[in-house]
Amino acid sequence: MKTLSNHAPVKGHLPVLLPVRRVLLSDIPLQDRLFNVWTAAALLLAFVAAAVGPSFAQAEAAPARSIAAILLEWTPSLALAFGFNVLISIFAMAIGTVMGVGLGILQVSPTAAVRKTAWVVTQFFRNSPWLVLLFYCILLIPFKVSLFGVSVPFPGWIKAVIGLSLPVMAYMSEFMRGAILSIPTGQWESASSLGFSRGQTMREIILPQTVKRVLPPWMNLYAVLTMATPLVSIVGVNEVMSVTRAALSAEGRVDLLIPMYLYILCWFFIYCYPISALTSRLERRFAVKL
Amino acid sequence: MKRLMGAAAAIAMVAAFSTAAQADKLDDIKAAGKIVVGVKQDYKPWGYLTSDGELTGLEIDLAKDVASRLGVEAELVPVVASNRMEFLQQGRIDLIIATMGDNPERREVVGMIEPNYYAGGTNVIAPKAAGLKEWEDIRGKDVCALQGSYYNKRVTQLYGPNLVAFAGIPEATSALTNGSCVAFLYDNTWIESQLASDPQWADYEMPFVTEDPQAWSIAVPLEDLDQPYGQLMSEIVTDWHKTGYLIERNAANGIAPSPFLQEQHDKLQ
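Chains as they are written, first to last, in my numbering: chain A, 44 to 333; chain B, -11 to 257.
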């Protein structure tokens, strides 16, 4: 905390007002020097080597192709399927976030009926298993809808996006409600004394302040959502888990099971870890000491 | 509660749209220029994925043959046992060619095309060292199986093994080679083709007499069974048997000769 010594710690000191800091190694807490992207990557590599190594040696003894060669051969198919997982997670997150922000604002509505309805919807989707919601979306949404002579197709992955966006919406709604309520009520009173309407206060004063409070849990939610996307394989969407299973069947090699699933695990890790690392950095940055 | 009922009503309304337009399926397929076929992607060598992402296998050959006879493109959709009949009912696929066994319960849900195009039975693959001789030998022992296989219930009732059900073949075979179970209960056609083609099964055998022969059927939506579409599919399967096309594709995909195919072929001569 050397950089802070230039500025006297003031009560209510907002970090957004601080000048840009140059980060020195000694400024980074020990915890982050130990747990960062690079140590994680090194650990992961060691882990993979330990797990794949023995089977790799076995494979070399046999005349069959080595495990590494098989994994390499399937990489393009698996990469395509993993891209599908990422796509599903991004769309589900986008839809869920937009709906969740709306629902969260409704949860603090001054009208009791609106507030209670929004609360019921939030609680319903937040406390239902994701897989069950997915099943309902897959089985209840028709594969195409004919409206006024125009038929709109609903392929499986769009249903999966809708299914996954529902719990995202509910979590987001709770984040927003919490963030809005955490803004000191004095701000509402000051705003109304300055002639702001409720809508103006919400849009121009309250919501901008909720962004930094919601951002870290929002990113955590995205990482969790990405790791939940293999669920959609169960409902017949051809994402990375289904393709892995198909690849294992096609190869028919019993010793391939563990290395192949481990390989997929690495992909998810490499995609999700930077997100959680960035989240904890943002959390530190936005931490307000009052 | 009101909210929930509202949601249920909305869902029911949306579901109603799906059943709105039902013209003749065959005309729809020809108008669309493609037939959507549900196939397996994890059942080598009947239907599996190659590393460049292409579906291939005996049933994919059959799907493509159906398409070329109709003069349309074949669009292949990977299905699994738990979703293939729902997909057909929903209209996401037009035809199932996915190692589906023909039985009375399923006949109430989908239109099973006669004649049957293939047949398999129940058997186990087990290490030779286990010394299994007859079905009674698995009583009380751990036996690997697949979730949702129709023969699980029957075998459990008759011989009382302790079934350990897995989601896929790779998981089940992995457990078998780990020694987690004494045998893997599965389709005899798959076991025969594995034993014949793959050196990793050199120390394994299929020790029992194959039981409970089950005919496989391709399927169309139930309401199309007696329509021109269903009748045409029936003619195509008959022709496959008659011309020896199935026997030829069976051999081309490296599957052991099937007595059922030979019998059907001889019957139609």
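Just so you know, even glycine gets a beta-carbon here, dropped at the ideal spot from N, CA and C.
What is the C-beta distance between residue i and residue j, in whole angstroms, given that I count them as a contact (C-beta under 8 Å)?
i	j	result
A:L325	A:P259	5 Å
A:L149	A:V157	5 Å
A:V278	A:L177	5 Å
A:I205	A:I184	7 Å
B:D175	A:S292	The pair is not a contact, with the Cβ atoms about 13 Å apart (cut-off 8 Å).
B:M100	B:A207	6 Å
B:V112	B:M221	B:V112 to B:M221, Cβ: 34 Å. No contact.
A:I318	A:M262	6 Å
B:N104	B:D130	Incorrect: roughly 33 Å between the Cβ atoms, too far for contact.
B:G86	B:E47	What sits at residue 86 of chain B in the sequence shown is Ala, not Gly. 7 Å between Cβ atoms; contact.
B:E61	B:G21	6 Å
Go ahead and pull the three-state DSSP assignment for residue i.
i	result
A:V129	helix
B:V170	coil
B:D175	strand
A:I318	helix
A:L115	helix
A:P172	coil
A:T228	coil
B:D30	strand
B:D186	coil
A:R288	helix
B:Q10	Note on B:Q10: pLDDT 47, under 50, position unreliable in the model; no value is reported.
B:D254	helix
B:P216	helix
A:S152	coil
A:G139	helix
A:V280	coil
B:K230	helix
A:L273	This sequence places Pro at residue 273 of chain A; Leu is not what is there. Note: A:P273 maps to helix in three-state DSSP.
B:I224	helix
A:A104	Because A:A104 sits at a pLDDT of 47, beneath the cut-off of 50, its placement in the model cannot be relied upon, and the point is left open.
B:A240	helix
B:S246	coil
B:E122	coil
A:K45	Low per-residue confidence applies at A:K45: pLDDT is 47, beneath 50, and the placement is therefore not dependable, though the value from the model is reported in the following sentence. Correct three-state label for A:K45: coil.
B:K52	helix
B:G128	coil
A:R327	helix
Among the options, which has the Cα closest to the Cα of residue i?
i	options	result
B:C169	B:D175, B:L134, B:D186	B:L134
A:S171	A:L123, A:N281, A:P210	A:P210
B:A153	B:T161, B:Y147, B:L146	B:T161
B:L210	B:Q252, B:S137, B:L37, B:E93	B:E93
A:A111	A:S323, A:A222, A:Y304	A:Y304
B:K52	B:L183, B:A239, B:G41, B:G35	B:G35
A:S208	A:A135, A:F311, A:R288, A:A293	A:A135
A:L308	A:T82, A:A122, A:W81	A:A122
B:Q78	A:L182, A:Q166, A:F168	A:L182
B:I81	B:D40, B:N71, B:G89, B:T87	B:N71
A:P119	B:D40, B:A69, B:G59	B:D40
B:S185	A:F90, A:T287, A:R296	A:R296
B:L43	B:G26, B:L58, B:A163, B:S56	B:G26
A:Q230	A:G221, A:R241, A:R220	A:R241
A:A289	B:K22, B:P66, B:E74, B:A55	B:P66
B:E102	B:G109, B:N91, B:L58	B:N91
B:S137	B:G89, B:A203, B:Y233, B:I235	B:G89
A:S216	A:T272, A:G139, A:A203	A:G139
B:P201	B:E96, B:D214, B:F248, B:L164	B:F248
A:R169	A:A330, A:F312, A:A213	A:A213
B:G218	B:K230, B:S205, B:I235	B:S205
A:G126	A:S152, A:A330, A:F311	A:F311
Determine which residues share a DSSP beta bridge with residue i and list them.
i	result
A:K187	A:P196
B:P209	B:V98
A:C180	Paired residue(s): none; A:C180 is not in a bridge.
B:R154	Strictly speaking, residue 154 of chain B in this sequence is Phe, with Arg absent from that position. Looking at the DSSP assignment, B:F154 forms a beta bridge with B:L134.
B:E193	B:A114
B:Q202	B:G108
B:I23	B:A62
B:G35	B:Y31
B:T44	B:Y36
Is residue i near the ligand ATP, in the sense that its beta carbon is under 6 Å from a heavy atom of that ligand?
i	result
B:L220	Ligands in the displayed structure: none, and consequently the ligand ATP is not present.
Item to complete: Identify every run of the alpha helix (DSSP H) within the region 54 to 92 of chain B, keeping only runs that are complete inside it and at least 4 residues long; order them along the chain.
Response: As far as the region 54 to 92 of chain B is concerned, its whole alpha helix (DSSP H) runs of at least 4 residues are 72 to 78.
Worksheet item: If you scan the region 204 to 260 of chain A from start to end, which runs of the alpha helix (DSSP H) of 4 or more residues do you find wholly inside it?
Response: When DSSP assignments are scanned along the region 204 to 260 of chain A, the uninterrupted stretches of alpha helix (DSSP H) that are 4 or more residues long and fall wholly within it turn out to be 229 to 236.
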